[in-house]
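Here the structure is laid out as structure tokens; the discussion comes afterwards.
Number of protein chains: 2
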Amino acid sequence: MPCHVLVSEVGPRDGLQSIKSVMPTDAKLRWISALAAAGLKEIEVGSFVPAKLLPQMADIREVVAHALTIAGLHVAVLAPNLRGCQAAFESGVHKVTLPVSVTNEHSMANIRKTTGEMIEEVRKIVALRDAEYPGIAIEAGVSVAFGCTIAGAVSDDQTIRMCAAMAECGVDEIGLSDTSGYANPTQVRRLFRRLQSEFGSKAGGAHFHNTRGQGLANVVAALETGVTTIDASQAGLGGCPYAPGATGNIVTEDLAFLLESMGYDTGIDIDSLVAARSILTEALPAEALYGHVQDAGLPKGFRYADGRSPGAVQPEGCLKGVAQ
Amino acid sequence: MPCHVLVSEVGPRDGLQSIKSVMPTDAKLRWISALAAAGLKEIEVGSFVPAKLLPQMADIREVVAHALTIAGLHVAVLAPNLRGCQAAFESGVHKVTLPVSVTNEHSMANIRKTTGEMIEEVRKIVALRDAEYPGIAIEAGVSVAFGCTIAGAVSDDQTIRMCAAMAECGVDEIGLSDTSGYANPTQVRRLFRRLQSEFGSKAGGAHFHNTRGQGLANVVAALETGVTTIDASQAGLGGCPYAPGATGNIVTEDLAFLLESMGYDTGIDIDSLVAARSILTEALPAEALYGHVQDAGLPKGFRYADGRSPGAVQPEGCLKGVAQ
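Chain order of the listed sequences is A and B.
Per the UniProt record's numbering, the first sequence runs over residues 1 to 324.
Per the UniProt record's numbering, the second sequence runs over residues 1 to 324.
See the structure below:
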């Protein structure tokens, strides 16, 4: 029996916020529909932040309203503070992720609050949810959990201390984020095992950036510990303006191929997912798109975890020289 | 105590044979020297094949002669038949890899021999080595071990049967090659464990192509089984003419970062390795170069497995939007 893994698509939030272009609302709605139609069951559709700071997210209410019309889709958003969460709760989303940095340096740069101030903010957010929106899930997305671009190395104890503060605040789920591609599989195994042993059912998913090409390697380690929710972004949309060529989140298409090949059922149809890239190509012509599966096609003889055959496999005639 | 992993650089062979450009001999020699100076201890410097078939390898004798002058470098080549092996042995290399396909279809397309004919050829090659060149190691590089672009799915039993034939022929080492990016980590774990349990000290290394972006994920699985030799190509040089955008072998720079981050000592200096890319940029201006670490730099606080600090870490100021 195949195990199930939830691929949580974060492209419309983490991808779109990190690029220069602003995606037209109409294209966003079509993209989200196409992603859901390809079998993605959870999509982080944007963030509730001031439009002045992030014009890419100015249409968040319209985007959420559209996403909520898609049957069966779990609609998630990011919100960095009480005000954003209030608006998110009112919009009727199913889940809100709070970006909580392990290091004070990253916390100040990212959300202009110390880690202590953010813990207090989370306490208020959970209280508001408990009082007025009991059906909405809250995830703490613990950022720079594996290392920080500003503070440098981050110890396991530092990360676990912030997770403990989040558990104590009453969030439902605690995920670990490798914000800038610092994580390695050894560390991923160690930290997720500890997260699970210390926080039980509150232990959440993995959010890896592919900055140094290590994203899927870290996924393998996370899967070993029993992680069943993994974030990814179609076409690895995002990148990093200070590191040309550095990709953003791990690529959903390549992740789906990894999981299905390993026998984890994701419910994703990779051909349909690849087809959805055309919306990005058209709406964001200036942005780099990443990934491999869209170019290489599915292997001959490929089967999904549930036994389905793909619609098409790309014939390969790659022999040149003497292959090994 | 860190474990050691041997990164076997195959760019001058597997990379150069798969691209359109022919690298000038002078640049090849400088490249190989730069790779060795960056700490790579084994380099597959080319293949002994007819220059008419592979003009990229026409200078193999000169390249081997140069590589043999580099102190401490283990010089490897590929040779597909007895005639090529005779020339390779005469050249004084330390190791010859034989490309042996699991499937008859791939064997015919790649070397114009059935698998049965190739097994007979290997027997003769080992006999020649035993009689006249006892100091030279022979590795069977078992191709399409995880799936075949022509025959499709390959069973574990098929692959192990070919490995058994190779062991019986008397090769020193049996490596498994994912020739076209068909492998997944579950399969990699299963096959390398079986290789080790059935062939003991003859069980060799892993040769992964990154066709579908799964290369480093497969490395994590191989490491778990105790594999200590992993092939890679600088800048992922190679690619596939039939799948634009599909990379060649896994990228040495990203692999070295993975291994060192996980605590495996490779002896590689990543800064020097990245610097060697400039030789490719200059000598092969038309070819795509891959990888992430060269753009992202090493993380702040990074330490090599042996405790060394890197020469430089790239400061990152990647905050844009609200990071997770």
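Where a beta carbon is used, it is the ideal one built from N, C-alpha and C, also for glycine.
Among the residues facing chain B, residue 271/A is not included, as its CB has no counterpart in that chain under 8 Å away. Counting only residues of its own chain and dropping the five nearest sequence neighbours on each side, residue 179/A has a CB closer than 7 Å to the CB of 143, 144 and 209.
Scanning 5/A, 4/A, 11/A and 3/A for the CA closest to the CA of residue 232/A turns up 11/A. Residue 266/B and residue 160/B have their C-alpha atoms spaced approximately 29 Å apart. Inter-residue distance for residue 192/B and residue 176/B is about 8 Å (C-alpha atoms, whole angstroms). Flagged as an interface residue toward chain A: residue 143/B, by a C-beta distance shorter than 8 Å.
Spatial neighbours of residue 276/A in its own chain (CB-CB distance under 7 Å, excluding positions within 5 residues in sequence) are listed in chain order as 31, 34, 35, 38 and 234. For residue 78/A, the closest Cβ of chain B is nearer than 8 Å. At a cut-off of 8 Å between beta carbons, residue 185/A contacts chain B. By the Cβ-count criterion, residue 120/A is exposed, with fewer than 16 other Cβ atoms from all chains shown falling within 10 Å of its own Cβ. Residue pairing by DSSP places residue 98/A opposite 140/A in a beta bridge. Nearest to residue 99/B by alpha-carbon distance, out of 258/B, 93/B, 87/B and 108/B, is 108/B. Chain-ordered, the chain B residues with CB closer than 7 Å to the CB of residue 99/A read 322, 323 and 324.
Excluding residues up to 5 positions away in sequence, 265 lie with their Cβ nearer than 6 Å to the Cβ of residue 4/A in the same chain.
Sorting 162/A, 169/A and 96/A by C-alpha distance to the C-alpha of residue 136/A places 96/A at the top.
A Cβ-Cβ contact shorter than 8 Å links residue 74/A with residue 41/A. Residue 208/B: not part of any alpha helix (DSSP H); member of the beta strand (DSSP E) spanning 203 to 208, first to last residue.
Contact check for residue 171/B against residue 222/B fails: the beta carbons are separated by 8 Å or more.
Scanning the stretch 52 to 85 of chain B for uninterrupted alpha helix (DSSP H) segments of 4 residues or longer gives 60 to 67, listed from N- to C-terminal end. With fewer than 16 other Cβ atoms inside 10 Å of its own Cβ, residue 53/B counts as exposed.
Pairing residue 292/A with residue 158/B, the inter-Cα distance amounts to about 28 Å. Taking a C-beta distance under 8 Å as the contact criterion, residue 14/B and residue 204/B do not qualify as a contact pair. In the three-state DSSP reduction, residue 305/B falls in the coil class, being neither helix nor strand. For residue 221/A, the chain B residues whose Cβ falls inside 7 Å of its Cβ are 220, in order along the chain. Per DSSP, the unbroken beta strand (DSSP E) holding residue 176/A starts and ends at 173 to 178.
Contact of residue 181/A with chain B is assigned, a C-beta pair being separated by under 8 Å. Here residue 164/A is exposed, its C-beta having fewer than 16 other C-beta atoms within 10 Å. In this structure residue 260/A is buried. Its beta-carbon is surrounded by 16 or more other beta-carbon atoms within 10 angstroms.
Closest in alpha carbon position to residue 127/A, among 115/A, 166/A, 102/A and 111/A, is 166/A. Counting the other Cβ atoms within 10 Å of the Cβ of residue 185/A gives 16 or more, which makes it buried. With fewer than 16 neighbouring CB atoms inside 10 Å of its own CB, residue 197/B falls in the exposed class.
DSSP places residue 9/A outside any alpha helix (DSSP H); the residue lies instead in the beta strand (DSSP E), whose first and last residues are 6 to 9. Using a Cβ-Cβ cut-off of 8 Å, residue 74/B does not count as an interface residue toward chain A, since no Cβ of chain A sits closer than that to its own. By the neighbour-count criterion, in which a residue is buried when 16 or more other Cβ atoms sit within 10 angstroms of its Cβ, residue 59/A is buried.
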